[in-house]
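Below: the structure, in structure tokens.
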Amino acid sequence: MAYVVTENCKDCLFTDCVEECPVSCFYVVEEDRMLYIHPDECIDCNACVPACPVEAIFAEADVPEDQQQYIELNAERSQCPEAVNITERRDPLPTAEEKRKRLGLA
Ligand code: SF4
Ligand code: SF4
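With positions in the sequence shown counted from 1, the corresponding number in my numbering is that position plus 6.
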């Protein structure tokens, strides 16, 4: 099993999560405007979940029904040629606060 980044991350990229991860298994794909977790590297520690301000991260078993496609997507996109390992927090995307409001999590 592994943890999975889902739709709420898209257009946010707050990146608070990456500094919590003890095994540095977050990858950014700039054109996707979100992060992914490499499923073979994640050790299921749960540390990233409370760090995400938009509740984008779930244990694989808890991924909501309408977000199931993100399980495969994290596996694929974390290992695609454009994926870059990210371990340090950076500024969120300019669209982040607007998206957070839209999600009702501001
Ligand atoms: S903290 Fe949440 S929104 Fe920010 S990069 Fe991590 S998963 Fe995405
Ligand atoms: S559950 Fe732990 S190991 Fe997996 S991505 Fe989150 S912080 Fe990293």
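Positions of the beta carbon are idealized from the N, C-alpha and C atoms, including for glycine. Bear in mind the structure is a predicted one, so any value in this text is a computation, not a measurement.
In the DSSP assignment, what are the bridge partners of residue i?
i, result
"Val35", "Met40"
"Val10", "Phe64"
Quick one: what's got a C-beta closer than 7 Å to residue i's C-beta in the same chain, skipping five residues either side?
i, result
"Asn14", "Val60, Glu61, Ala62 and Leu109"
"Pro45", "Ala8, Asn80 and Ala81"
I'd like to check one pair, residue j with residue i: are the Cβ atoms closer than 8 Å?
i, j, result
"Asp18", "Phe32", "Just to set this straight, residue 18 is Cys in the shown sequence, not Asp. No, the Cβ-Cβ distance between Cys18 and Phe32 is not below 8 Å."
"Cys54", "Glu26", "yes"
Below 6 Å CB to CB, which residues in the same chain sit around residue i once its five sequence neighbours on both sides are set aside?
i, result
"Tyr42", "Val11, Tyr33, Asn80, Arg83 and Ser84"
"Ser30", "Thr93"
"Lys16", "Arg39 and Met40"
- Message: Which complete alpha helix (DSSP H) runs does the region 49 to 107 hold, if anything under 4 residues is left out?
- Response: 75 to 83
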